[in-house]
Structures are given as C-alpha cells and as structure tokens.
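Here's the structure, in structure tokens; my notes come after.
So this is what it looks like as structure tokens:
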C-alpha cells in the first residue's frame, strides 16, 4: 500500500520522535539529580547557650476580603466532607492574621558569619503535609532543607501532589485513598514553593524551605515566636499569600527577647502588584482592579 | 471523486476541532497534570473520572479516537484516492497526529514546560489545518473542471490569503504561548499580552483587507466569496471574544478555582481562533484553484496564439 520510500520515512519519523521523547525524559531525571549536589558546605553552628527569641503579632488593617465559595461538585467525596466550602487562605480573628510565614531572611550572627553560612541541627520530627477534607493541612508550611516531609492523604479520594519548585526538584505524584505517605526532602533553600492538586484546583499550599530553623507560621491569633536565635542583627520577613511581604530589622541580644509586630493592609492585595492591568495603563480596566 | 471519502474527511476534521476544544478545556481547568502518568491515567485505561481527571483523561480518549480516525482515513485514501499527493498529505497528517500524541506525553512527563505546551497547542492547529486542506482537496467542488480566472487588482488575493494564514498562525502561536505562560491563578505576562494584542490588530488589518478585496473583486464567485464572508464573520466574533476573554482572565487570579465565564470564554476564543485559521486555509486553497496571475494568463494566451 505504501511505497518503499514512504515506509522508510515513516519509520525514521517514528524512531526520531520516540528517541526525542526518551531523551527529554532522561534529561529531566539528570537535572533532578544535579539539584542536590551543588550546595556549599556550611559551618555547623555551635550553641553558646545565649540564644534569644523573636516574638510578635501580625495584624490586618481594614476589612479582610470576604471568603469566596468553592464548587467541589466534580468530586462527591469532597462535597460530603465540606457542607459549605469557602476559600480560607485569609484567616483573620479579631484583626489578627493567620497563615503568615515569618522567617529570618538574612543577617549577621554577632561575632560570626552570616546566618546562611551556618548549618543547624535538623528537626527531629519530619514535617507533615496532610490532604484532609480536600484541603491541604497546613496551608503554609516551613521546613529546613533536607528535612523529611511526609505528604499524607486522609481523604477517601485520590489527589495528585504537584510541587512547582524552581530551585528544587519539581515533582507530581498521585496518592490514592489509604496510600502510604509520600516521603520527600527539599535539597536547598527556596521560599514560596506552590503545591497544587490539579484534580481539585482549589487545593493549594505553600512550602518554604530554609537553611535554618528560624521561622514560624502564625495561627489564627496572629502570634509568632521564633526561639533559639543566635545573637545578631537580622532581616525578619513576614509573608502572606494575599497581602505580600513586610520586612523589619531586628537585633537579638544574648538571651534576649525582641518583639517585632507586622501590620498588613487589607485593602491591598499582593497579586495586583504584578498584574498586567497595573502594567498596562493604556488598557486599564479599573472596575477589575479588585479594590 | 468519492463523496464518502470527502464526508469522512470532514468528519475527522470536525472531530479534530472537538479535540482542540477538549484540549483547551484541560488548560482552562488547570487539569493538565491531574494524571501524573502517561499514556495511562493512574495506571488505568479507564480510571474513575472524578475531579479534573474528567477533563485530562477525556482529552486523552478523544485524542486516541482522532488518532484512530486518522489511520482509517489514511487506509481509505490509499485504497480509493487516485491522486498521490493527496495520499501523501494524508500520511503527513498521520505523522503529525503521532508527533502530537508524543508531545502531549511530554507535557505530562516534563510537568508542562512552556515550550512543549506551546508546541503542543501549535501542532494541534497545524494538524487541524492539514485536515481542513484534505477536506478541501477531496471536495467535489475542488475536483470538478473549472475555468481559472485571471487575477484582477494590484495585490494578488492568493498571496494575500497566504499572508493572512501565516499571520493568523503566528497570532495563534502567540496566544498559545501567552495562555501557557500563566495558570488561571496567575496574571498574564504583559509583554506577551501586548504582543498578542498587536497581533490581533495586524490580523484584523491583513485578513480584513483580504476579505474585502476578495468580495470586491470576486463577490459573484461563491467558491471564493463564501469562505471570505465566513472568515470575516468569524474574525469579528473572535475579536469580541478576545476582549471578553481578557477581562474574564484578568479577574480569574482572585477566584478560588477556575470558574466560568473565564473557562467558557477562553475555550471559545481558542476554538474560534482555530476556525479563523481554517477559513484562511480554505480561502487560500480555493484562490489558488480558481485564480491565476495575469503573467500566467498572458503566457498562456501567447502559447495558444503561437499554436494557432
């Protein structure tokens, strides 16, 4: 039916396509291996027993955006576990803001190096990210680089865990009901790694990987306490998914406690800062500015 | 002439448009990675279609069906189509759909890198255009004897239609890259958005001029006037859809999940874009079938005069 030449080119095309496909997949695996190996060796931090504490509260100024309804009707299991599902990334109670990731971004240890140049004791327990009620619990998570993280599925449905890292390995893995935990580590420091379930697109969490353990995710009362901080001067950052980032300079004295409060403005969202509307005054549509 | 073959080709072409719509629904629902494995979904041929897996696995099933239809079309062409170049075009379409399937697999295995996702979207349009061409070539209207007409006007409608096709394709490629640069919960990148808007203006100018010129010069020839009118009408709808899609898409990052009208408007915009491209293909092919350049006409006249 096909001429000899046509058969030849057909075979060549199929072989080249398959080769390109397999090479592309192999290349990804190689890149993933490379991620873990290029970190400079850090000096182990030796405690002098004079570490201090950073504490504070995160507040929201103005009205919080109203929670938006979520349509879970595509998965009956999710519907059964959520009578009236709404977005919950803005957790506010009495003007105090939850789900804020507060961490030391940079700074100098008194009489020593930069905080990033030290290695600290790894937390003894693995971090846990659970899929419960077709939500991620917790919504914001902090871990130390190379700390084990267990991703569990407590739901009677299947999820996929899509980790959209930039500096670390990206991965996407499904997890059925009752499946064992997915055990992973993040090789290097990287903040704001989105984790998504593409099965249920309202499910989103953020993992923040740091080279040190000086971080805290605020609860609904907005408080945070970071203990065991070596004396020094640091840049403290508070980040919220909707309201963006605030920074403060703090000086931790030996065995001292320093307080640093943050206040976010409820009227401004982080996302609009990068919006194409904002950057395109010529075709600006103010009614869609979400103010 | 085989009417059955033509009807089947048109059917496969329509199935491909449906596949493009299904693919657009996957992107708009952010379902592309709902099944981390490929070609199976969760290791199964028929997994439980819950959540966004409905869109992703549904797209894979429709794609498989279109692949099978393209194989059947090729068998039919090689058995019944006397023109070797049409048979070869059918084979080219088959190679395209195989490559498209592999690209689809790459999007999943490589976690949606921009260049693979955009290439997948662009190849989909080229595959659709190839089937549109096959539909034109197998049509009775193409195969019946026609007297060619000398091109009138300073600009050739044939080459205007080719330019409109090329420009529309570039515009679709820009749109695909723009679309795959950001998921529903992110704002679209401004540089690509501006490029896409500029492309829309250029397509409006070039395709609009092509349509008007065709209607002005050959308005009495339904073979050319019909696709020209359709191209103009669909282009108008597409521009309106473009503005509405932009507005809906810009509001989307504030939503807790992909929602209508963003989904339906974006998918309609993608499908309508494919139809605009298809109409430029039909117009260009028919223009080359019906029209000849004035130089060709002069040469033919001289040849006939010399013979007589």
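Chains as they are written, first to last, in our numbering: chain Z, 95 to 385; chain S, 1323 to 1630.
Here a beta-carbon is modelled for each residue, glycine too, at the ideal position from N, C-alpha and C.
Secondary-structure assignment with DSSP links residue 333 of chain Z through a beta bridge to Z:195 and Z:339. Under the Cβ distance rule, residue 268 of chain Z counts among the residues neighbouring chain S, one pair being separated by less than 8 Å. Counting the other Cβ atoms within 10 Å of the Cβ of residue 170 of chain Z gives fewer than 16, which makes it exposed. Ranking Z:253, Z:272, Z:257 and Z:297 by CA distance to the CA of residue 287 of chain Z puts Z:257 first. In terms of beta-carbon proximity, residue 1557 of chain S stays away from the interface with chain Z, with every pair separated by 8 Å or more. Cβ proximity to chain S below 7 Å picks out 292, 293, 294, 295 and 296 from the region 276-306 of chain Z. In the pairwise beta carbon analysis, the region 1466-1477 of chain S is classified as touching the region 1603-1619 of chain S: at least three pairs are separated by under 8 Å. With contacts defined by Cβ atoms closer than 8 Å, residue 1483 of chain S and residue 1496 of chain S do not form a contacting pair.
In this structure, the beta-carbon distance from residue 1346 of chain S to residue 1588 of chain S falls below 8 Å. For residue 1430 of chain S, DSSP assigns no beta-bridge partner whatsoever.
Closest in C-alpha terms to residue 1490 of chain S, from the list S:1526, S:1412 and S:1510, comes S:1526.
Going by C-alpha positions, residue 1325 of chain S is about 11 Å away from residue 1465 of chain S. Checking the DSSP bridge columns, you'll see residue 288 of chain Z partnered with Z:300. For residue 152 of chain Z, the secondary structure class from DSSP, reduced to helix, strand or coil, is strand. Chain S places a beta carbon closer than 8 Å to that of residue 254 of chain Z, counting this residue as a contact.
The region 188-275 of chain Z contains, as complete beta strand (DSSP E) runs of 3+ residues, the segments 195-203, 221-226, 229-231, 234-238, 242-247, 253-257 and 265-269 (chain order). Only those residues of the region 1338-1365 of chain S whose C-beta falls short of 8 Å from the nearest C-beta of chain Z are listed: 1351, 1352, 1353, 1354, 1355, 1356, 1357, 1358, 1359 and 1364. Of all residues in the region 1559-1580 of chain S, the ones placed with a Cβ closer than 8 Å to any Cβ belonging to chain Z are 1569, 1572, 1573, 1575, 1576, 1577, 1578, 1579 and 1580, in chain order. According to DSSP, residue pairing for residue 278 of chain Z in a beta bridge involves Z:243. Residues of the region 213-233 of chain Z that bring their beta carbon within less than 7 Å of a beta carbon in chain S are absent altogether. Distances from the alpha-carbon of residue 1498 of chain S to those of S:1446, S:1530 and S:1457 put S:1446 closest. Per DSSP, the continuous alpha helix (DSSP H) segment holding residue 1394 of chain S begins and ends at 1375-1402. Z:192 is the residue among Z:321, Z:209, Z:146 and Z:192 whose C-alpha sits nearest the C-alpha of residue 358 of chain Z. Nearest to residue 1412 of chain S by alpha-carbon distance, out of S:1449, S:1433 and S:1427, is S:1449. For residue 209 of chain Z and residue 295 of chain Z, the gap between their C-alpha atoms comes out near 37 Å. Residue 271 of chain Z has a beta carbon lying at 8 Å or more from every beta carbon in chain S. For a Cβ distance threshold of 8 Å, residue set 168, 292, 293, 294 and 295 of chain Z lies close to residue 1374 of chain S, ordered along the chain. Annotation: the continuous beta strand (DSSP E) that includes residue 309 of chain Z extends over 309-311. Contact check for residue 1358 of chain S and residue 178 of chain Z: beta-carbon distance about 31 Å, past the 8 Å limit, so the pair fails to qualify. By the criterion of a C-beta distance shorter than 6 Å, residue 261 of chain Z is surrounded in its chain by 282 and 284, once the five residues flanking it on both sides are discounted. With contacts defined by Cβ atoms closer than 8 Å, residue 255 of chain Z and residue 291 of chain Z form a contacting pair.
Here residue 172 of chain Z has 166, 228, 251 and 294 as same chain residues with Cβ atoms under 7 Å from its own Cβ, once five neighbours each way along the sequence are excluded.
Distance between residue 1470 of chain S and residue 1485 of chain S, taken at the CA atoms: about 21 Å.
Going by beta carbons, residue 314 of chain Z and residue 162 of chain Z fall outside the 8 Å limit. Residue range 1584-1612 is occupied by the alpha helix (DSSP H) that includes residue 1602 of chain S.
The residues 224 and 275, in chain order, have a CB closer than 6 Å to that of residue 246 of chain Z in the same chain once the five nearest residues on each side in sequence are set aside.
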